[in-house]
Amino acid sequence: MKKRGKGIACIFYGTGYGNGFPDVSRAYARLLEDGRVEISVGATEVGQGAKTVMVQIAAETLGLLDKDIVLINEDTSKTPDAGTAAASRQTYNTGNAVKIACENLKEKILEDAAKLLGVNTKVGLCMKDGLIYVKSYPSKKVSLKEIAELNKDLQAEGVFTAHTTQMDENGQGAPYWPYTFASCAVEVEVDTETGEVSILRAKHVLDVGRAVNPSLVEGQIDGGFAMGVGYALMEDIGLKDGKMTNGSFEKYIIPTALDIPEIEKVLIEYPEDTAPYGAKGIGEPVMIPVAPAILNAIYDAIGVRFYEIPVTPERVLLALQSKG
Amino acid sequence: MEAIKPKNLEEVLEYKSKYKGDAKIIAGGTDLIIKIRKGEENPKALIDISSLNELKGIRETLEYIEIGPATTFTEICECILLNKNLKGLKDAARSVGSPQIRNRGTVGGNICNASPAADTVPPLLALDSILVIEGKGKKREIYLKDFFKDKGRGELEGDEILTKIKFKNPLKNQGLGFYKLGLRKALAISRLSFAVFLEIDEMNRIEIVRIASGAIGKFPMRELEVEEYLTGRIINENTIEEAETLLERVIFERLKGRQTAKFKSIAAKGVFKKALLNALYLCKGVNDFEKN
Numbered sequence: 011m012k013k014r015g016k017g018i019a020c021i022f023y024g025t026g027y028g029n030g031f032p033d034v035s036r037a038y039a040r041l042l043e044d045g046r047v048e049i050s051v052g053a054t055e056v057g058q059g060a061k062t063v064m065v066q067i068a069a070e071t072l073g074l075l076d077k078d079i080v081l082i083n084e085d086t087s088k089t090p091d092a093g094t095a096a097a098s099r100q101t102y103n104t105g106n107a108v109k110i111a112c113e114n115l116k117e118k119i120l121e122d123a124a125k126l127l128g129v130n131t132k133v134g135l136c137m138k139d140g141l142i143y144v145k146s147y148p149s150k151k152v153s154l155k156e157i158a159e160l161n162k163d164l165q166a167e168g169v170f171t172a173h174t175t176q177m178d179e180n181g182q183g184a185p186y187w188p189y190t191f192a193s194c195a196v197e198v199e200v201d202t203e204t205g206e207v208s209i210l211r212a213k214h215v216l217d218v219g220r221a222v223n224p225s226l227v228e229g230q231i232d233g234g235f236a237m238g239v240g241y242a243l244m245e246d247i248g249l250k251d252g253k254m255t256n257g258s259f260e261k262y263i264i265p266t267a268l269d270i271p272e273i274e275k276v277l278i279e280y281p282e283d284t285a286p287y288g289a290k291g292i293g294e295p296v297m298i299p300v301a302p303a304i305l306n307a308i309y310d311a312i313g314v315r316f317y318e319i320p321v322t323p324e325r326v327l328l329a330l331q332s333k334g
Numbered sequence: 002m003e004a005i006k007p008k009n010l011e012e013v014l015e016y017k018s019k020y021k022g023d024a025k026i027i028a029g030g031t032d033l034i035i036k037i038r039k040g041e042e043n044p045k046a047l048i049d050i051s052s053l054n055e056l057k058g059i060r061e062t063l064e065y066i067e068i069g070p071a072t073t074f075t076e077i078c079e080c081i082l083l084n085k086n087l088k089g090l091k092d093a094a095r096s097v098g099s100p101q102i103r104n105r106g107t108v109g110g111n112i113c114n115a116s117p118a119a120d121t122v123p124p125l126l127a128l129d130s131i132l133v134i135e136g137k138g139k140k141r142e143i144y145l146k147d148f149f150k151d152k153g154r155g156e157l158e159g160d161e162i163l164t165k166i167k168f169k170n171p172l173k174n175q176g177l178g179f180y181k182l183g184l185r186k187a188l189a190i191s192r193l194s195f196a197v198f199l200e201i202d203e204m205n206r207i208e209i210v211r212i213a214s215g216a217i218g219k220f221p222m223r224e225l226e227v228e229e230y231l232t233g234r235i236i237n238e239n240t241i242e243e244a245e246t247l248l249e250r251v252i253f254e255r256l257k258g259r260q261t262a263k264f265k266s267i268a269a270k271g272v273f274k275k276a277l278l279n280a281l282y283l284c285k286g287v288n289d290f291e292k293n
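Residue numbers (the working numbering), protein chains in the order written: chain A, 11 to 334; chain B, 2 to 293.
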């Protein structure tokens with residue numbers, strides 16, 4: 011017989027290294043001769059979209075288009091350290107460093123522009139689309155290219171140090187900032203004769219602070235959801251006497267597209283004050299509520315509470331058998 | 002390692018008689034290449050039969066369907082000669098690996114490699130298939146159910162190759178059902194599978210039933226005790242339940258002492274029932290017993 015059940019799980023997750031572990035990201039911004047801006051940053055692209063997001067943040071800060079930003083990353087001979095692509099920290103931590111570097115560069119550009127335009131202060135200068143102009147007198151303007159030709163050494167650094175405080179001996183304190191919130195709801199169908207669990211539909215609600223790139227966030231949700239499904243229902247390294255018995259993807263089962271339903275996604279944008287344009291890290295948070303939501307849904311369907319994952323057909327059938 | 006590409010079956014048999022067990026037949030290579038890379042196989046020669054039309058394709062001859070051993074799983078899935086009563090065979094072929102594997106892998110390889118989890122073997126067993134095996138100057142037929150000798154070993158001499166698989170084309174009141182339990186919905190190695198061939202009369206009496214299991218013993222096999230119980234009975238919820246209970250006992254006995262005995266004997270009931278109901282649906286055109 012096939013039985014259906016629904017489950018929900020909610021999580022919060024502190025992004026960044028946290029708990030006193032040093033967490034510093036650095037970035038350089040440099041005005042190129044042709045008026046474009048080069049960003050050097052050690053953020054590693056691992057498919058999550060760091061290359062896209064860093065360019066977007068730089069372009070937004072400098073009033074430029076994405077194509078006017080030249081990103082250099084993943085080359086440690088050229089880029090300053092921005093920490094690992096881990097702990098869901100690149101968008102928030104390194105995004106902040108990129109934003110600060112761009113703001114610092116912008117200040118230097120405006121100082122030069124003020125001189126060139128013959129105004130006594132950079133207050134009231136606007137920078138947009140590669141031009142700096144006096145806000146109240148827009149035809150009084152100079153281009154980034156002109157500035158670059160006169161000053162070949164316009165560059166700036168951005169350093170961002172994240173909040174990370176060690177907890178006390180009782181595990182109390184404020185180890186992280188900020189926190190990302192997520193909740194996931196699923197409906198499952200459990201076949202009580204074969205032990206198979208199918209996920210029929212899913213909804214994922216994510217507090218992103220600000221979605222720098224909504225398509226990337228949705229992609230992260232799809233991927234994180236699939237990982238959560240694998241974690242809950244399939245993945246098992248099969249540890250035996252300290253050795254992995256499922257040491258290849260032949261035996262270590264991860265989901266395929268057929269195992270994943272359409273996921274309804276809701277992005278909640280409540281900008282985080284300390285974040286670049288409000289954007290928080292979402293890489294790991296998208297995955298965390300998935301397995302508990304599935305386990306809750308299985309409980310709702312068949313009345314069995316699983317305390318061990320993955321919930322394979324074998325575990326389902328044996329649990330139903332002992333439940334009677 | 003020598004690679005040989007014969008022009009016809011005659012040449013294949015010639016090479017086979019020369020090299021015997023030192024030459025391996027390669028068609029799709031989805032099993033063999035992996036074994037060679039792992040160092041588990043190191044034949045002196047590979048004889049490539051993948052482009053020999055004599056060994057490919059599906060034909061209808063009088064009451065039989067004949068399948069060439071170098072026919073791919075994709076070709077089985079897409080073949081219009083295999084009518085809807087043979088849905089179980091197509092379902093099994095469709096459940097093999099991924100599209101890439103189905104495009105390369107062949108039904109002959111599935112049989113000759115004699116894996117316990119070979120997906121298309123249970124349906125071919127339930128169809129009571131006959132294998133045609135040839136060597137230079139010799140030709141014999143053997144029932145598929147008598148072919149397997151051990152895990153990974155079929156009854157094939159060093160100079161012989163499988164040249165044909167044939168079974169009787171099902172009639173209107175016959176049907177072949179299949180169900181496979183894997184650990185995910187695609188690209189899954191079978192944990193357990195069943196194929197059921199069924200013929201029932203107007204009174205719902207079982208005239209013929211052949212049941213084959215996969216991934217339970219050393220090789221796919223017929224479940225004769227359950228067949229015997231069901232033959233001649235009216236199919237209804239009671240008989241199905243009795244058959245399930247008998248099957249559970251038989252399988253538990255077979256796997257006794259193994260860690261998976263309990264799980265597989267319970268799961269076998271559910272997987273068998275689904276295959277049986279799929280077959281019944283094909284015989285009747287309706288499904289009276291599924292209560293989902």
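Glycine included, each C-beta is placed from N, C-alpha and C at the ideal position.
Keep in mind that this is a model prediction, so the values were computed, not measured.
When DSSP reads this structure, A212 of chain A sits in a beta bridge with A:V196, A:I273. Inter-segment contact for the region 226–236 of chain B and the region 147–154 of chain B is absent: fewer than three beta-carbon pairs are separated by less than 8 Å.
Of all C-beta pairs linking the region 302–316 of chain A to the region 106–113 of chain B, fewer than three are shorter than 8 Å, placing the two stretches out of contact. Under the DSSP assignment, G136 of chain B falls in the beta strand (DSSP E) whose first and last residues are 131–136.
Taking 9 Å as the cut-off, the beta carbon of P123 of chain B is found closer than this to the beta carbon of S194 of chain B.
Judged by their CB atoms, I235 of chain B and M204 of chain B are nearer to each other than the 9 Å cut-off. I142 of chain A sits away from S149 of chain A, with the two beta carbons spaced by 9 Å or more.
By the CB criterion at 9 Å, L56 of chain B and G136 of chain B fall outside the cutoff. With its beta carbon at least 9 Å from every one in chain A, L277 of chain B lies outside the interface. Between the region 129–143 of chain A and the region 161–180 of chain A there are fewer than three C-beta pairs closer than 8 Å, too few to call the two in contact. With a 10 Å radius around the Cβ and a threshold of 16 neighbouring Cβ atoms, L188 of chain B comes out buried. If you look at V197 of chain B, you'll find it in the beta strand (DSSP E) that goes 193–201. Identification of chain B residues near D269 of chain A by a Cβ-Cβ cut-off of 8 Å yields R185, K186, A187, ordered along the chain. Counted as a single uninterrupted DSSP element, the beta strand (DSSP E) harbouring T62 of chain B occupies residues 59–62. With its beta carbon less than 9 Å from one in chain A, G271 of chain B belongs to the interface.
Between R38 of chain B and chain A, the shortest Cβ-Cβ separation is not below 9 Å.
9 Å or more divides the Cβ of P271 of chain A from the Cβ of R185 of chain B.
S18 of chain B sits in a helix when the DSSP states are folded into three classes.
DSSP places R250 of chain B in the uninterrupted alpha helix (DSSP H) bounded by 238–256. Of the other Cβ atoms in all chains shown, fewer than 16 fall within 10 Å of the Cβ of A96 of chain A; this residue is therefore exposed. Taking 9 Å as the cut-off, the beta carbon of G89 of chain B is found closer than this to the beta carbon of F179 of chain B. DSSP lists A:Y38, A:I82 as the beta-bridge partner residues of S50 of chain A. The CB of Q331 of chain A comes closer than 7 Å to the CB of I267 in chain B, given here in chain order. Between the region 8–25 of chain B and the region 39–50 of chain B, the count of Cβ pairs shorter than 8 Å is three or higher; the stretches touch.
Restricting attention to A:L120, A:G233, A:T89, the CA atom closest to the CA of A107 of chain A is found in A:T89. Linking V321 of chain A to E79 of chain B through their CA atoms gives a straight-line distance of about 35 Å. Proximity of chain A to R105 of chain B at the Cβ level (cut-off 8 Å) is not reached, the minimal Cβ distance being about 17 Å. Non-local beta-carbon contacts of T175 of chain A in its own chain, meaning distances under 7 Å to residues more than five positions away in sequence, involve G30, G183, A184, P185 in chain order.
Using a C-beta cut-off of 8 Å, the region 17–31 of chain A makes contact with the region 97–105 of chain A, since at least three inter-stretch Cβ pairs fall below that distance. At least one C-beta of chain A is nearer than 9 Å to the C-beta of F264 of chain B.
C-alpha of K16 of chain A to C-alpha of P224 of chain A: approximately 27 Å in a straight line.
In the same chain as R259 of chain B, and ignoring 5 residues on each side of it, no C-beta atom comes closer than 6 Å to its own. Exposed is the label assigned to T246 of chain B, since fewer than 16 other Cβ atoms lie within 10 Å of its Cβ.
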